[in-house]
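S.K.:
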């Protein structure tokens, strides 16, 4: 048996990200899922770019605030305590609108973990 407690505040945010991103998989010893905690101030986006994953499913659980997710069809508004799920090959860009009242905090879970799985998406190409 194995158990771990990870104090997420001790995990250093990744540099060069559009918002605060704490990658929790490695500190948690996880190898079957990727888990990141994002905190985005108004006007910040979570991912580096509008993108999709070739094989990974993603789930965004909103801890506080309201997350906006742009897709080719529409923009979703995801309030605290709701879950937004993205299937593989489904383009999305998660962000906190510039006119938001405050930050949004999100726990993002991806499975299977997949380095190099993200593909940039440009809606103008459609």
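In this note's numbering, the protein residues as written are 252 to 377.
All C-beta atoms in this analysis are idealised placements derived from N, C-alpha and C, irrespective of residue type, glycine included.
Taking 8 Å as the threshold (C-beta atoms), are residue 314 and residue 331 in contact?
M.R.: Yes.
S.K.: Does DSSP put residue 319 in a helix, in a strand, or in coil?
M.R.: Residue state, collapsed to three classes: strand.
S.K.: What did DSSP end up calling residue 361 once you bin it into helix, strand or coil?
M.R.: Three-state DSSP puts residue 361 in a strand.
S.K.: Applying the criterion that 16 or more other CB atoms from any shown protein chain within 10 Å of the CB defines a buried residue, is residue 336 buried or exposed?
M.R.: Residue 336 should be labelled exposed.
S.K.: So what's residue 277 in DSSP terms, helix, strand or just coil?
M.R.: DSSP places residue 277 in helix when its eight states are reduced to three.
S.K.: In chain order, what residues of the same chain lie with their CB nearer than 8 Å to the CB of residue 364, ignoring the 5 residues before and after it?
M.R.: Closer than 8 Å at the Cβ level, and outside the excluded window around residue 364, lie 276, 281, 282, 283, 284, 285 and 307.
S.K.: What residues in its chain sit with their C-beta under 6 Å from that of residue 295, if we drop five residues either side in the sequence?
M.R.: Only 269, 270 and 347 meet the Cβ criterion.
S.K.: Would residue 326 be called buried (16 or more neighbouring beta carbons within 10 Å of its own) or exposed?
M.R.: With fewer than 16 Cβ atoms within 10 Å of its Cβ, residue 326 is classed as exposed.
S.K.: Compute the beta-carbon to beta-carbon distance between residue 303 and residue 370, rounded to the nearest angstrom, for a pair I have assumed lies under 8 Å.
M.R.: Rounded, the Cβ-Cβ distance is 6 Å, consistent with contact.
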